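**Q** Residue numbers (the numbering used here): 1 to 487. For every residue, glycine included, the Cβ atom is placed at its ideal position computed from N, Cα and C. Every value quoted in this text rests on a predicted model; they were computed, and no experiment measured them. Structure in structure tokens, see below.
Now the structure itself:
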């Protein structure tokens with residue numbers, strides 16, 4: 001099978017899966033078999049594409065030429081394959097988790113949930129393998145629209161309000177800023193193709209480049225850079241598997257991935273280092289890292305605490321892109337994968353606690369480690385990974401980001417990363433400590449194990465173990481991240 005065919009399968013297989021899921025909707029077992037089968041096939045397809053990228057290939061395919069030199073086209077390059085592997089691989093785990101969660105919660109509209117999830121993965125694959133800004137913009141919008149029904153899944157007034165905020169902020173930023181930047185870039189450079197070394201270096205004046213960078217970064221609302229972050233904590237009204245999709249599998253990672261891809265392939269890191277607004281945006285990212293962490297510390301609702309943690313952690317990637325130093329770019333690319341694995345585990349755990357014990361607030365979680373040792377053990381492991389301690393994979397991305405700040409001679413931003421890790425300790429570790437070492441609140445007693453359904457527990461244990469295994473097997477991820485840099 002040719003690489004061109006594999007690319008088209010990767011992008012459009014989830015759409016076919018969505019149709020099959022809809023047809024199988026009357027049979028929950030068949031519907032879930034279809035979901036898992038399509039997820040596995042998608043991951044296998046991306047793995048086959050990975051082999052070509054590791055061999056130095058950059059396979060591509062043109063789907064449709066709209067104007068001369070302007071086409072809907074796909075190309076698989078190292079940064080895209082990192083995001084593609086994260087999204088497709090975690091779709092499998094999230095699907096397994098969802099089976100236990102959705103059934104035990106007796107959620108309504110489960111078929112619609114799985115259909116929209118599949119469509120969202122098609123959008124994510126299109127973003128990952130986009131060969132130009134036009135293609136990325138189209139699939140970025142598909143991702144927004146396909147996830148809106150997931151945010152409003154509960155159907156309550158709160159969910160509808162969160163959905164309006166979600167759709168409003170993401171569509172406003174992408175149309176007002178991102179689309180404007182895309183059209184302006186086409187006018188300045190005469191192309192929108194993602195090119196090694198960038199396309200603006202010899203064509204955009206310093207003022208134009210500075211303005212374009214602001215439009216691109218703030219136009220990518222899914223990156224949740226302050227002040228365009230409010231949609232993310234509001235979307236926590238959605239079920240836990242949707243939170244996992246938003247925070248780890250597709251949505252927010254599509255945002256920061258897009259910023260990193262624009263930095264590397266539209267501006268080029270050598271040119272970007274001289275753009276005046278890059279340093280400004282690096283400090284905006286640094287402020288978002290710290291402010292998000294401080295707000296997270298004040299949240300009693302577990303999912304909201306994790307949501308503000310995500311806002312903080314996403315800006316690590318934006319910071320790495322704006323520093324425009326080789327080591328910072330490597331760290332940012334690695335953080336797409338390392339943060340995804342740790343954060344999806346934390347959200348899986350939050351959902352499992354809700355399913356098994358019907359607890360949403362941290363203040364009510366005293367002593368629950370006795371009833372949920374696997375869940376809280378996984379939460380502890382994932383917390384250490386997010387903090388960046390060995391032997392967890394989160395260490396590596398933070399290590400290279402820290403080196404990147406030194407390479408860019410930004411000691412203040414190195415301090416931001418160090419303080420942020422201490423804040424991670426402050427808002428994450430008290431949760432498992434309270435669960436294992438505090439007496440239950442309100443006179444509760446826990447006798448025996450009361451974990452969530454086994455598919456959910458299996459999924460969260462698997463991702464927690466992945467945080468450990470990938471610490472020792474991080475070299476392939478590093479090699480892919482390094483291959484992003486101009487050779």
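1. Just verifying my parser: in three-state terms, what is the DSSP assignment at residue 565?
2. Can you give the Cα-Cα distance for residue 61 and residue 258, rounded to whole angstroms?
3. Measuring CB to CB, does residue 250 end up less than 8 Å from residue 10?
4. Quick check: residue 162 and residue 235, are their CB atoms within less than 8 Å of each other?
5. Ends of the alpha helix (DSSP H) at residue 66?
6. Can you give the Cα-Cα distance for residue 439 and residue 433, rounded to whole angstroms?
7. Label residue 207 either buried or exposed according to how many other C-beta atoms from any shown protein chain fall within 10 Å of its C-beta, with 16 as the threshold for buried.
8. Pull up the distance between the alpha-carbon of residue 228 and that of residue 221, whole angstroms please.
9. So residue 293 and residue 427 are supposed to be a Cβ contact under 8 Å. How far apart are they, rounded?
10. Would you mind stating whether residue 339 and residue 299 have Cβ atoms separated by less than 8 Å?
11. Which runs of the alpha helix (DSSP H) at least 4 residues long sit entirely within the region 155-236? Give them in chain order.
12. Between the alpha carbons of residue 122 and residue 12, how many angstroms are there, rounded?
13. Secondary structure at residue 23, three-state DSSP: helix, strand or coil?
14. Given this structure, state the Cα-to-Cα distance separating residue 335 from residue 453, to the nearest angstrom.
15. Consult DSSP for residue 340 and reduce its assignment to one of helix, strand or coil.
16. DSSP state of residue 72, grouped into three classes?
17. Straight-line CA distance for residue 288 to residue 255?
18. Can you tell which of 129, 237 and 272 has the C-alpha that lies nearest to the C-alpha of residue 325?
19. Under DSSP, the alpha helix (DSSP H) around residue 116 begins and ends at which residues?
20. Would residue 469 be called buried (16 or more neighbouring beta carbons within 10 Å of its own) or exposed?
21. Please classify residue 354 as buried or exposed, where buried requires at least 16 neighbouring CB atoms within 10 angstroms.
**A** In short, the structure shows the following:
1. Nothing can be reported for residue 565: it is not among the residues displayed for the chain, which extend from 1 to 487.
2. 20 Å
3. no
4. yes
5. Unbroken run through residue 66 is the beta strand (DSSP E), 60-67; no alpha helix (DSSP H).
6. 11 Å
7. exposed
8. 6 Å
9. 7 Å
10. no
11. 157-173, 179-189, 206-219 and 231-234
12. 6 Å
13. helix
14. 30 Å
15. helix
16. strand
17. 15 Å
18. 272
19. 110-128
20. exposed
21. buried
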